[in-house]
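Enquirer: Below is the structure I would like to discuss, written out as C-alpha cells.
Protein chains: 2
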Amino acid sequence: MKVELDPWASGIRIEDYNKVIKEFGIGHFSDMLKRISEPNLYMKRGIIYGHRDFKQIADAIRKKEKYVMMTGLMPSGKMHFGHKMVADEIIWFQNHGAKVYVAVADIEAYLMRGSSLEELRKVAIEEYLTNYIALGLKPKNCVFYFQSEGSVKYQTLSKIFAKKVTFNELKAIYGNLTPEKIISALTQVADILHPQLENPIPTVVPVGTDQDPHIRLTRDIAYRFKKEYNFILPSATYHKFMGGLGGGKMSSSEPKSYIALTDSHEEVKTKINKYAFSGGQPTVEEHRKKGGNPDIDVSYQFLTFVEEDDNKLRKIYSDYKSGALLTGELKAILIEKINKFLETHQKKREKAKDKIDKFIIED
Amino acid sequence: MKVELDPWASGIRIEDYNKVIKEFGIGHFSDMLKRISEPNLYMKRGIIYGHRDFKQIADAIRKKEKYVMMTGLMPSGKMHFGHKMVADEIIWFQNHGAKVYVAVADIEAYLMRGSSLEELRKVAIEEYLTNYIALGLKPKNCVFYFQSEGSVKYQTLSKIFAKKVTFNELKAIYGNLTPEKIISALTQVADILHPQLENPIPTVVPVGTDQDPHIRLTRDIAYRFKKEYNFILPSATYHKFMGGLGGGKMSSSEPKSYIALTDSHEEVKTKINKYAFSGGQPTVEEHRKKGGNPDIDVSYQFLTFVEEDDNKLRKIYSDYKSGALLTGELKAILIEKINKFLETHQKKREKAKDKIDKFIIED
Chain A
1 MKVELDPWAS GIRIEDYNKV IKEFGIGHFS DMLKRISEPN LYMKRGIIYG
51 HRDFKQIADA IRKKEKYVMM TGLMPSGKMH FGHKMVADEI IWFQNHGAKV
101 YVAVADIEAY LMRGSSLEEL RKVAIEEYLT NYIALGLKPK NCVFYFQSEG
151 SVKYQTLSKI FAKKVTFNEL KAIYGNLTPE KIISALTQVA DILHPQLENP
201 IPTVVPVGTD QDPHIRLTRD IAYRFKKEYN FILPSATYHK FMGGLGGGKM
251 SSSEPKSYIA LTDSHEEVKT KINKYAFSGG QPTVEEHRKK GGNPDIDVSY
301 QFLTFVEEDD NKLRKIYSDY KSGALLTGEL KAILIEKINK FLETHQKKRE
351 KAKDKIDKFI IED
Chain B
1 MKVELDPWAS GIRIEDYNKV IKEFGIGHFS DMLKRISEPN LYMKRGIIYG
51 HRDFKQIADA IRKKEKYVMM TGLMPSGKMH FGHKMVADEI IWFQNHGAKV
101 YVAVADIEAY LMRGSSLEEL RKVAIEEYLT NYIALGLKPK NCVFYFQSEG
151 SVKYQTLSKI FAKKVTFNEL KAIYGNLTPE KIISALTQVA DILHPQLENP
201 IPTVVPVGTD QDPHIRLTRD IAYRFKKEYN FILPSATYHK FMGGLGGGKM
251 SSSEPKSYIA LTDSHEEVKT KINKYAFSGG QPTVEEHRKK GGNPDIDVSY
301 QFLTFVEEDD NKLRKIYSDY KSGALLTGEL KAILIEKINK FLETHQKKRE
351 KAKDKIDKFI IED
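Line by line, the protein sequences give chains A and B.
Taking my numbering, the leading residue of the first sequence gets 1, the next gets one more, and so forth.
Taking my numbering, the leading residue of the second sequence gets 1, the next gets one more, and so forth.
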C-alpha cells in the first residue's frame with residue numbers, strides 16, 4: 001500500500017515508520033547516532049527516527065562549523081507537550097552551535113485556515129515564543145520572524161521559485177491545487193532556503209513525517225536554483241508524533257487529548273487519571289498476574305518523552321510489564337513528573353515575558 | 001464570435017474595439033470627454049477609447065482631490081513610440097494631480113519571459129526611466145519601484161490575495177495555469193491596490209486592451225477584500241495599440257516595426273521610407289487621380305500620435321485622400337516631425353541621466 005502524506009491534513013499518525021522510511025527514501029536516524037556526541041532524549045529513544053542528509057549537520061556540530069536550524073510554527077491554541085518536543089529539538093540545535101530561524105507561518109495559517117493575522121501574532125508571541133524562551137531558547141543566534149514580515153529578499157525569493165516548479169509536480173505532492181496551497185508551499189520553501197541568501201550554509205529542518213512533501217519540494221527547488229544561488233540542499237530530521245491521551249491523535253482542538261504547558265496541577269491530574277489510555281488489566285488481581293502492556297499504555301509512552309533517566313524508565317517498563325506496577329501507580333508517576341516540570345516551567349514562563357522584546361522588533 | 005484577451009500574448013491587435021467594449025462592459029471614453037477640461041491628444045482622438053469607472057478620476061481631477069495613477073512597465077529592448085504614448089499618459093495624469101506609481105514588472109518578466117533581474121533593472125533605468133524623465137516625469141509625487149524590491153506590506157498583500165481567488169476563476173481569465181502565471185497575476189493585483197494600503201484612494205490604471213483581464217481580476221479582488229482593506233475599485237482607461245510600421249503589430253523584438261526614441265535621423269528616414277505601409281496608389285498618376293487612403297496608411301496613423309495640431313492633421317488627411325499629397329511627401333512630413341521631436345528629446349535624455357537618482361534609491 002502506498003503511504004500518503006498530506007502536510008495540510010491535521011495531525012495524522014503514521015503507524016508504520018519503517019514503511020515511510022522505505023517509501024520516501026528517508027534514512028534511519030539510528031545510523032547517525034554514533035556521529036553525535038550528545039544526542040538528546042528524542043534521538044536516543046528513536047522518537048527522532050529518520051533523516052535526510054544529516055551527516056553534514058553532524059559534521060558541522062562536531063567541527064564547530066556554522067550551520068542553520070530552521071523551523072516553522074503554525075500558532076493554534078495552546079502549546080502542549082507535542083509542541084514542547086519540537087521546541088526541545090530547536091533548543092538542542094541552538095545549544096549545539098546552530099543559528100536558529102523560527103518562522104511563524106502566519107501567511108500559511110491565514111491562507112489555509114483563515115485565521116486573522118492579528119490573532120495569529122498574539123498567539124505566536126504570548127503562547128509559543130513565551131514557552132520557547134521558558135524552555136531555553138536564547139535571543140543570540142536566533143531569528144524569530146513572521147512570514148508576513150520577512151525581508152523583501154525573502155518575499156521575492158518565494159516568487160522567484162515559481163519559475164522552476166511545474167503545476168503537475170505540485171499536484172503530485174499536494175493533491176488538488178488551490179492558489180492558497182501554491183503560495184503557502186512556495187513561501188515555506190523560501191522560509192527554509194532564505195538563510196542561504198548571503199552564503200550557502202548547511203541547514204537542518206526538524207519535522208514530523210507529514211511535512212516530508214515540503215522537504216522534498218524544497219530540496220528539488222534548491223537543486224534547480226543551484227546555479228543562481230548555490231544552495232546546499234537542506235537536511236531534515238523526522239520525529240514520530242506524540243500520541244494523544246486517549247490513544248488517538250494529539251490535537252490542539254481537543255483539550256482532552258493533550259496536556260498544555262499552562263495546565264494546572266489539578267487539570268494534569270484529572271486529564272491523566274480520566275483520559276490516559278491504559279495498557280493495564282481490568283482488575284488489580286489480573287494485572288498482578290498477567291502484567292500490563294507498556295507499549296500501548298499512553299502514560300508510559302508519555303514518560304518516554306519526559307523522563308530523562310533511562311534506568312528509571314527501564315524499571316518502570318519492566319515493573320509495569322510484570323504487574324509489579326499498577327496503572328494507577330504508573331499514572332501517579334507521570335502526574336508527579338509532569339507537575340514537577342510544569343511548576344518550574346510556569347515560573348520560567350512568567351520571567352520569559354520580559355525577554356520577548358529581545359526576539360521581536362516592533363515597527 | 002467571442003473576443004479572447006490574453007495579457008501574456010505579445011502585442012495582439014484588436015481590430016474591433018466596439019466589440020471589445022460590448023463584450024467586456026468597458027465604457028466609451030468619448031462619454032467622459034466633457035468631464036475633462038484639458039484632454040490630451042490620445043483622449044481627443046479616440047486612441048484612448050475606453051474606460052472603467054473613470055468618472056471618479058475625472059471628478060478628482062476637477063475637484064483637485066487626491067488620486068493615484070498606477071502603471072507597470074515590462075522592460076524589453078528599446079523604448080519606442082508605442083511606449084511613448086503610455087509615458088505621455090502617465091505624465092498627463094501627474095500634471096493633473098495624480099500621485100504616480102510606476103512598477104517595473106521585473107518579477108513578472110522573470111517568471112513569464114525568463115529575463116534576468118539584473119538585466120531588467122539596467123534596461124528599466126537606462127532605457128525606460130531615462131526616457132520617462134526626458135518626456136516630463138517628475139520625481140515629486142512619483143513612486144518608481146521594482147516588483148522585486150517593493151515593500152514587505154506590498155509583497156505580503158500579493159500572498160494574502162490568494163485567499164479569495166479560485167483556481168477555476170484564474171483559469172477562466174488566463175487559460176492554462178502555471179505557478180508563474182498565478183504569482184504574476186497576484187503580484188500585479190498588489191501593484192494596483194497597494195497604494196490604497198494606508199487609505200482608500202481612487203486609482204486609475206491606463207492599459208492596452210490586452211490587460212483588461214488583470215483589471216477585472218483586480219476589481220474583483222478589491223471588492224472581495226473591501227471589509228479588510230476598504231479598497232476603492234480601481235478605474236482604468238483603455239488605449240488602442242499603435243500599429244507597426246509594416247502594418248502589422250509594433251513589437252520590441254522587430255526593429256523594422258517601430259521607431260525607437262534613440263533612433264538617429266538616418267534610421268528614422270530609412271525605416272519610414274522603406275518599411276512604412278502606404279495607403280497610396282502604385283503610381284503618382286494614379287495617386288493624383290484616385291487619391292490615397294489615410295485610414296490604412298501607417299505614416300498618417302503615426303501622425304495621429306505625434307502631430308498635436310488638429311488643423312494640420314486634418315489638412316494632411318484631406319490632401320492625402322484627394323491625391324494632392326503624395327506618399328513620399330506624407331512620409332517626409334512624418335520624418336521631419338519625428339526627427340524634430342527626437343532631436344529635442346535626445347538632448348533631454350542626456351540631461352535626464354542626472355535626475356535618475358531622484359527616482360531610484362539604491363540600497
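The C-beta atom is built at its ideal place from N, Cα and C for all residues, glycine as well.
Going by beta carbon distance, what residues of the same chain come within less than 7 Å of residue 57 (chain A), once the five residues before and after it are set aside?
Expert: As a position in the first sequence, residue 57 (chain A) is number 57, starting the count at 1. So the list reads 67, 202, 204, 235, once near-sequence residues are dropped.
Enquirer: So who's on the other strand from residue 235 (chain A), going by DSSP bridges?
Expert: To locate residue 235 (chain A), count along the first sequence from 1; it is residue 235. A:204, per the DSSP bridge assignment.
Enquirer: Between the stretch 125 to 152 of chain A and chain B, which residues of the former have CB atoms less than 9 Å from a CB of the latter, in chain order?
Expert: Result list: 147, 148, 149, 150, 151, 152.
Enquirer: Can a CB atom of chain B be found closer than 8 Å to the CB of residue 159 (chain A)?
Expert: By one-based count along the first sequence, residue 159 (chain A) stands at place 159. Judged by the 8 Å Cβ criterion, residue 159 (chain A) is in contact with chain B.
Enquirer: Take residue 239 (chain A) as the anchor and find which of A:29, A:279, A:315, A:116 has the nearest alpha-carbon.
Expert: Along the first sequence, read from residue 1 onward, the residue named residue 239 (chain A) stands at position 239. Of the candidates A:29, A:279, A:315, A:116, the one whose C-alpha sits nearest the C-alpha of residue 239 (chain A) is A:29.
Enquirer: What span of residues does the alpha helix (DSSP H) with residue 302 (chain B) cover, start to end?
Expert: For this step, residue 302 (chain B) is matched to residue 302 along the second sequence. Residues 298 to 306.
Enquirer: If distances are taken between C-alpha atoms only, which option among B:149, B:199, B:131 comes closest to residue 81 (chain B)?
Expert: Here residue 81 (chain B) is taken as the residue at index 81 of the second sequence, counted from 1. For residue 81 (chain B), the nearest C-alpha among the options comes from B:131.
Enquirer: Mind listing, in chain order, the continuous beta strand (DSSP E) runs of no fewer than 3 residues lying wholly within the stretch 215 to 297 of chain B?
Expert: Here the runs fully enclosed are 235 to 239.
Enquirer: For the stretch 110 to 130 of chain B against the stretch 290 to 304 of chain B, do three or more pairs of beta-carbon atoms, one drawn from each stretch, fall closer than 8 Å, so that the two count as touching?
Expert: The stretch 110 to 130 of chain B vs the stretch 290 to 304 of chain B: no contact.
Enquirer: From residue 346 (chain B) to residue 134 (chain B), what distance separates their C-alpha atoms?
Expert: Along the second sequence, one-based indexing puts residue 346 (chain B) at 346. Along the second sequence, one-based indexing puts residue 134 (chain B) at 134. Approximately 8 Å between the Cα atoms of the pair.
Enquirer: With the cut-off set at 8 Å, would you say residue 111 (chain A) and residue 183 (chain A) are in Cβ contact?
Expert: By one-based count along the first sequence, residue 111 (chain A) stands at place 111. By one-based count along the first sequence, residue 183 (chain A) stands at place 183. Their beta carbons are under 8 Å apart, which means residue 111 (chain A) touches residue 183 (chain A) by this criterion.
Enquirer: Determine which residues share a DSSP beta bridge with residue 99 (chain B) and list them.
Expert: As a working mapping, residue 99 (chain B) is identified with position 99 in the second sequence. For residue 99 (chain B), which the question treats as bridged, DSSP gives the partners B:68.
Enquirer: Rounded to the nearest angstrom, what separates residue 185 (chain B) and residue 161 (chain A) at their Cα positions?
Expert: Taking the first residue of the second sequence as position 1, residue 185 (chain B) is located at position 185. Taking the first residue of the first sequence as position 1, residue 161 (chain A) is located at position 161. One C-alpha to the other measures close to 15 Å.
Enquirer: Give me the chain B residues within the contact set of residue 178 (chain A), using Cβ-Cβ distance strictly less than 7 Å, ordered along the chain.
Expert: One-based indexing of the first sequence puts residue 178 (chain A) at position 178. The contacting residues are 167.
Enquirer: State the Cα-Cα distance for the pair residue 282 (chain A) and residue 195 (chain A), rounded to the nearest angstrom.
Expert: Against the first sequence, residue 282 (chain A) aligns to sequence position 282. Against the first sequence, residue 195 (chain A) aligns to sequence position 195. Approximately 54 Å between the Cα atoms of the pair.
Enquirer: Is residue 328 (chain B) helix, strand or coil when you go by DSSP?
Expert: Residue numbering aside, residue 328 (chain B) sits at position 328 when the second sequence is read from its first letter. In the structure shown, residue 328 (chain B) sits in a helix (DSSP, three-state: H, G or I).
Enquirer: Ignore the nearest five residues each way along the sequence and tell me which others in residue 52 (chain B)'s own chain have a CB closer than 7 Å to its CB.
Expert: Counted from its first residue, the second sequence places residue 52 (chain B) at position 52. For residue 52 (chain B), where only same-chain residues beyond five positions count, the Cβ hits under 7 Å are 26, 27, 215, 235, 236.
Enquirer: Report yes or no: is there a C-beta of chain B within less than 8 Å of the C-beta of residue 218 (chain A)?
Expert: For the purposes of this step, residue 218 (chain A) is identified with residue 218 of the first sequence, where counting begins at 1. No, because no Cβ of chain B sits closer than 8 Å to the Cβ of residue 218 (chain A).
Enquirer: Given residue 137 (chain A), which residues of its chain have a CB within under 6 Å of its CB, disregarding the five upstream and five downstream residues?
Expert: Working through the first sequence from its first residue, we reach residue 137 (chain A) at position 137. Closer than 6 Å at Cβ, skipping near neighbours: 91.
Enquirer: Drop a sphere of 10 angstroms on the beta-carbon of residue 363 (chain A), count the other beta-carbons inside from all chains shown, and report buried for 16 or more, exposed for fewer.
Expert: For the purposes of this step, residue 363 (chain A) is taken as residue 363 along the first sequence, with counting starting at 1. With a pLDDT of only 46 at residue 363 (chain A), under the threshold of 50, the placement of this residue in the model should not be trusted, and no figure is reported.
Enquirer: With a threshold of 7 Å (Cβ to nearest heavy atom), would residue 316 (chain A) be considered close to the ligand ADP?
Expert: The model on display carries no ligand, and the ligand ADP is accordingly not part of it.
Enquirer: With three or more beta-carbon pairs closer than 8 Å as the criterion, would you say the stretch 39 to 46 of chain B touches the stretch 164 to 181 of chain B?
Expert: They do not touch, by the three-pair rule.
Enquirer: Where does residue 81 (chain B) sit, in a helix, a strand or coil, going by DSSP?
Expert: Sequence index remark: in the second sequence, residue 81 (chain B) carries index 81 (1-based). Residue 81 (chain B) falls in the helix class under three-state DSSP.
Enquirer: Kindly indicate which three-state DSSP category residue 372 (chain B) falls into: helix, strand or coil?
Expert: Shown here, chain B extends from 1 to 363; a query on residue 372 (chain B) therefore has no answer.
Enquirer: Using only CA atoms, which one of B:153, B:257, B:142 lies nearest to residue 97 (chain B)?
Expert: Locating residue 97 (chain B) in the second sequence gives position 97, counting from the first residue. Per the Cα distances, B:142.
Enquirer: In whole angstroms, give me the CA-to-CA distance for residue 37 (chain B) and residue 313 (chain B).
Expert: By 1-based counting over the second sequence, the position of residue 37 (chain B) is 37. By 1-based counting over the second sequence, the position of residue 313 (chain B) is 313. Using only the alpha carbons, I get a separation of about 22 Å.
Enquirer: Using the Cα positions of residue 21 (chain A) and residue 47 (chain A), report the straight-line distance between them to the nearest angstrom.
Expert: If you number the first sequence from 1, residue 21 (chain A) lands on position 21. If you number the first sequence from 1, residue 47 (chain A) lands on position 47. Rounded to whole angstroms, residue 21 (chain A) to residue 47 (chain A) spans 14 Å at the Cα level.
Enquirer: Counting contacts by CB-CB distance shorter than 8 Å, is residue 2 (chain A) in contact with chain B?
Expert: Position 2 of the first sequence, counted from the start, is the residue given in the question as residue 2 (chain A). In this prediction, residue 2 (chain A) scores a pLDDT of 45, lower than 50, which makes its location untrustworthy; no coordinate-derived value is stated.
Enquirer: Are the CB atoms of residue 86 (chain B) and residue 366 (chain A) within a distance shorter than 8 Å?
Expert: Chain A is shown from 1 up to 363; residue 366 (chain A) falls before or after that span and cannot be answered.
Enquirer: Spatial neighbours of residue 126 (chain B) within its chain, please: C-beta separation below 7 Å, excluding the five flanking residues on both sides.
Expert: What you label residue 126 (chain B) is simply residue 126 of the second sequence in a count that begins at 1. The answer is none, since no qualifying residue turns up.
Enquirer: Would you say residue 107 (chain B) lies against chain A (beta-carbon separation less than 8 Å)?
Expert: As a working note, residue 107 (chain B) is residue 107 in the second sequence. For residue 107 (chain B), the answer is yes, since a Cβ of chain A falls inside 8 Å of its Cβ.
Enquirer: Counting only C-beta atoms, is residue 233 (chain A) closer than 8 Å to chain B at any point?
Expert: Translated into the one-based positions of the first sequence, residue 233 (chain A) becomes position 233. It does not: the Cβ of residue 233 (chain A) has no partner Cβ on chain B nearer than 8 Å.
Enquirer: Can you list, in chain order, the residues of its chain with a C-beta nearer than 7 Å to that of residue 33 (chain A)? Leave out the 5 residues immediately preceding and following it.
Expert: Taking the first residue of the first sequence as position 1, residue 33 (chain A) is located at position 33. Cβ neighbours of residue 33 (chain A) beyond the five flanking positions: 39, 43.
Enquirer: Considering only residues of the same chain and omitting the five flanking positions on each side of residue 190 (chain A), which have a CB-CB separation below 7 Å?
Expert: Stepping through the first sequence from its first residue, residue 190 (chain A) is reached at position 190. If we look at residue 190 (chain A) and ignore the five residues flanking it on each side, its Cβ neighbours are 154, 157, 158, 161.
Enquirer: Per DSSP, what are the beta-bridge partners of residue 186 (chain A) in this structure?
Expert: Here the question's residue 186 (chain A) lines up with position 186 in the first sequence. Answer is none; residue 186 (chain A) lacks a bridge partner.
Enquirer: Mark residue 328 (chain B) as exposed unless 16 or more other C-beta atoms lie within 10 angstroms of its C-beta, in which case mark it buried.
Expert: The residue you call residue 328 (chain B) lines up with position 328 of the second sequence. Exposed is the call here.
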